[in-house]
Amino acid sequence: ELKKCQIETVEDTNIENCAICEINDTDNDEVIAHMMQDQFNKEYDLMLKRTEEKFNRDSKVNITYMNYRTSLCEDQDEKDSDIEDTTRDFDRFVSIEKEYASIPRCGYRKMGGKDSQIVTKHDMLMSSRINACRVLQFPPGIDTGDTGGFDVKLNNKVFNSLRAHSHAQCSRQKAKTRPHTK
């Protein structure tokens, strides 16, 4: 059963009552489409929220993207459970990127106290994790799978071959769309 979203106009502001989906029957395509659209909207809103936080981190003037958000009302229970699951996966990638960015321009950093180790930007563990993060930035046509659930490490040789395949695939797609004159 699906209760449709109703849009009420109050003082030229659209307030959208959130759809409530009871998932008893997934044979209905409309229910599946609404579920997928809701999930997409939540991911988009989360991306906008992260962008806001990035821009507003150290500034005195805050920027808001409330006008660009897809939904104005959110259920706290769904919001908390969904965000916890997604942020847990994203936090690992963000922490890896922050760790990599913390290496100064000289290319190395001392870790620890008395028995300090020197960690360079060429560290095998760090570079393999950064390669795994960069795989997520491949174009949408390249299926990379779900790497959020576990710690993925790709050495440079594997990453470079995947990147070369990605570039070749993109150039093939562009060649198909370009008209050839003879």
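By my numbering, the letter at position 6 of the sequence shown is numbered 7, and the numbering carries on one by one without gaps. Backbone N, C-alpha and C fix where the C-beta goes; we use that ideal spot for every residue, glycine too. Here the structure is a predicted model, which is why all the values come from computation and not from measurement.
Beta-carbon separation of residue i and residue j under 7 Å?
i      : j      : result
Gly108 : Lys99  : no
Arg110 : Val120 : yes
Thr145 : Val153 : no
Phe94  : Asn132 : no
Met112 : Gln118 : yes
Please state the DSSP three-state secondary structure of residue i.
i      : result
Arg58  : coil
Tyr69  : helix
Lys111 : strand
Ala169 : helix
Val120 : strand
Lys158 : helix
Could you tell me the distance, in whole angstroms, from the CA atom of residue i to the CA atom of residue j?
i      : j      : result
Met37  : Arg106 : 44 Å
Asn42  : Thr71  : 6 Å
Leu47  : Lys183 : 49 Å
Asp59  : Thr52  : 13 Å
Phe151 : Pro180 : 43 Å
Asn157 : Phe139 : 15 Å
Leu128 : Glu44  : Per the sequence shown, residue 128 should be read as Ser rather than Leu. Rounded to the nearest angstrom, the two C-alpha atoms are 28 Å apart.
For the alpha helix (DSSP H) holding residue i, just list the boundary residues, first then last.
i      : result
Ile64  : Looking at the DSSP string, Ile64 is not in any alpha helix (DSSP H), and its letter there is neither H nor E.
Leu137 : No alpha helix (DSSP H) holds Leu137; DSSP gives it neither H nor E.
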